[in-house]
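Residue numbers (our numbering): 662 to 832. Glycine is no exception: its CB is placed at the ideal position from the N, C-alpha and C atoms. None of these values were measured; they are calculated from a predicted model. Worksheet: the structure to be examined is printed underneath.
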């Protein structure tokens, strides 16, 4: 009597190649979407960091009953450099309350017409935008390194101290 050979287990070369082809097609579709997701997440995080700093400055100004300033800072100690290099929140005496390092990912952050490098909140929580300024608000524009892929964000502060943000087209 002859015993039947035991069944072999495993994958054939054809099955392996088909699986790899399907995986390659799925990765080709997924990777560009993942890069967009990462850029959107980075923009949201950077926007939230700035809005949080502005909200902190406003609340500290009211709490301390004194002016509190948010200014662009490249060294984390003095108000020098551009907004993309980082910023500091400091009290009227110049003592830092919060320090933010430079933006990552090659994003750019620029000030609008009514703000060069400093935003000051008064003891009442209002900004020091001149009453004759047009518009009656100031805007910081955060743009991604690839504006064709992801929209930028406009962070707007009104005279009343209200901060909000909205999508903006970057060039």
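Report the rounded CA-to-CA distance for residue i versus residue j, giving the unit in angstroms.
i	j	result
residue 725	residue 708	26 Å
residue 682	residue 804	37 Å
residue 823	residue 696	33 Å
residue 674	residue 684	15 Å
residue 784	residue 727	5 Å
residue 807	residue 815	16 Å
residue 732	residue 698	30 Å
residue 833	residue 694	No information on residue 833 is available, as it lies outside the stretch 662 to 832 that the chain covers here.
residue 719	residue 743	21 Å
residue 756	residue 734	13 Å
residue 827	residue 771	15 Å
residue 845	residue 737	Only positions 662 to 832 of the chain appear in this structure, which leaves residue 845 out of reach.
residue 818	residue 711	11 Å
Pop quiz: residue i and residue j are said to be a contact at Cβ under 8 Å. What is the actual Cβ separation, rounded to whole angstroms?
i	j	result
residue 730	residue 779	6 Å
residue 745	residue 768	7 Å
residue 802	residue 776	Not a contact, Cβ separation roughly 11 Å.
I'd like to check one pair, residue j with residue i: are the Cβ atoms closer than 7 Å?
i	j	result
residue 829	residue 700	no
residue 759	residue 717	yes
residue 820	residue 787	yes
residue 782	residue 722	yes
residue 703	residue 773	no
Where do the ends of the beta strand (DSSP E) carrying residue i lie?
i	result
residue 733	729 to 733
residue 803	798 to 804
residue 825	824 to 829
residue 751	748 to 752
residue 816	813 to 819
residue 790	It is not in any beta strand (DSSP E) - residue 790 carries neither H nor E in the DSSP assignment.
Grab the span of the alpha helix (DSSP H) containing residue i for me, first residue to last.
i	result
residue 723	674 to 725
Determine whether the Cβ of residue i lies closer than 7 Å to any Cβ atom of chain B.
i	result
residue 810	This model lacks chain B altogether; it includes just one protein chain.
Three or more C-beta pairs below 8 Å linking the stretch 749 to 765 and the stretch 683 to 691: Not touching, per the Cβ criterion.
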